[in-house]
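Below is one structure, written out as structure tokens, with a few remarks after it.
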Amino acid sequence: MFIQLVAQLIYPAVTRDEVMQFLWQHMRCDVDIIHTAVSCSLDDVIVLIHLLLKHMLEDRGRSGLFTYVRCLT
13 MFIQLVAQLI
23 YPAVTRDEVM
33 QFLWQHMRCD
43 VDIIHTAVSC
53 SLDDVIVLIH
63 LLLKHMLEDR
73 GRSGLFTYVR
83 CLT
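In this note's numbering, the protein residues as written are 13 to 85.
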């Protein structure tokens, strides 16, 4: 059910079976863009993304996601 809901959010439309491949391709593209922008190794970029997501989830648990977003702007 969750995959079907995610599929409905994607434009252009993808089938339920294509959701994971679609998301993986976009994440890979994002990693490449960050890699180029910050001139770090791919391993460093993966660690950076991991730490950012971890921090966002921890912060969301304490005071909400919007607190973290305000810190970035």
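Cβ atoms here follow ideal geometry from the backbone N, Cα and C, with glycine treated the same way.
(request) Inspect the beta-carbon positions of HIS47 and VAL57 and report whether they are closer than 8 Å. (result) If you number the sequence shown from 1, residue 47 lands on position 35. If you number the sequence shown from 1, residue 57 lands on position 45. For HIS47 and VAL57, yes; Cβs fall inside 8 Å.
(request) Would you decide whether VAL50 is buried or exposed? Buried here means 16 or more other CB atoms lie within 10 Å of its CB. (result) Taking the sequence shown and counting its residues from 1, the one referred to as residue 50 is at position 38. Label assigned to VAL50: exposed.
(message) On the CB-based measure, 16 or more other CB atoms within 10 Å of its CB, does VAL59 come out buried or exposed?
(response) Counted from its first residue, the sequence shown places residue 59 at position 47. It counts as exposed.
(message) What does the alpha-carbon distance come out to for the pair VAL26 and VAL18?
(response) Working through the sequence shown from its first residue, we reach residue 26 at position 14. Working through the sequence shown from its first residue, we reach residue 18 at position 6. Spanning the two alpha carbons is a distance of roughly 10 Å.
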